[in-house]
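> Following our numbering, the numbering of the sequence shown begins with 3 at its first residue and continues without gaps. For each residue, glycine too, the CB sits at the ideal point set by N, CA and C.
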Amino acid sequence: MQRDLPAARRALKRGLEANVDEDDLAYGGLWVLLLERSLGVATDGTAGRALEGSMGRTSWTGRLAAWANGRISDADLGKLAQSAAQRVEAQFYTAMARKAAGDAAADERLRAVSKSPVIDLLEVQLAREMLAPELHLDVPRNASLP
């Protein structure tokens, strides 16, 4: 998983300029906002602009945008989730926000997401990737690589 904030901001700005669908902008804004928080850097406003279009909507992405801006609590976001996929997304994004804030229990929440039966969700795959141990392979000294 890349943590390239400048690239993420540039991509989101291009989406804003191209009038990309509000749902896509909401998810992009959410990701940039969480990345900013996890890196401990000030926002440049791009994430807020991307989330802004969804804020007043009653759709799921509208609720995610409201949560990202502090208008809905973690618990309320979970209660507003109407499907299994939305519940998994709520668990994932609240866990990511807690992880960005330094909560040691966030990985356990991500572990629960990684075990979700809703395996076709990007968030489930990302949780699995984030929790996977890093592999360090040592090349034997007498081996040559092409």
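#1: Please classify residue 117 as buried or exposed, where buried requires at least 16 other C-beta atoms within 10 Å of its C-beta.
#2: Look at residue 84 and residue 111 and say whether their C-beta atoms are less than 8 Å apart.
#3: Am I right that residue 32 and residue 87 are in contact with their C-beta atoms under 8 Å? What's the rounded C-beta distance?
#4: Are there 16 or more other CB atoms within 10 angstroms of the CB of residue 61, so buried, or fewer, so exposed?
#5: With C-beta atoms as the reference, is residue 102 less than 8 Å away from residue 39?
#6: With C-beta atoms as the reference, is residue 28 less than 8 Å away from residue 9?
#7: What does the alpha-carbon distance come out to for the pair residue 37 and residue 21?
#8: Within the continuous alpha helix (DSSP H) that includes residue 115, where are the two ends?
#9: When the Cα atoms are used, what is the spatial distance from residue 69 to residue 145?
#10: Out of 34, 24, 45, state which residue places its alpha-carbon closest to the alpha-carbon of residue 6.
#11: Hey, would you say the C-beta of residue 53 is under 7 Å away from at least one heavy atom of the ligand ZN?
#12: Counting along the chain, where does the alpha helix (DSSP H) carrying residue 90 start and finish?
#13: At which residue ranges does the segment 34-71 contain complete alpha helix (DSSP H) runs of 4 or more residues, listed in the order of the chain?
In this structure, then:
#1: exposed
#2: no
#3: With a Cβ gap of about 15 Å, residue 32 and residue 87 do not count as contacting.
#4: exposed
#5: yes
#6: no
#7: 22 Å
#8: 108-116
#9: 52 Å
#10: 34
#11: You won't find the ligand ZN in this model; it holds no ligand whatsoever.
#12: 86-102
#13: 48-54, 62-70
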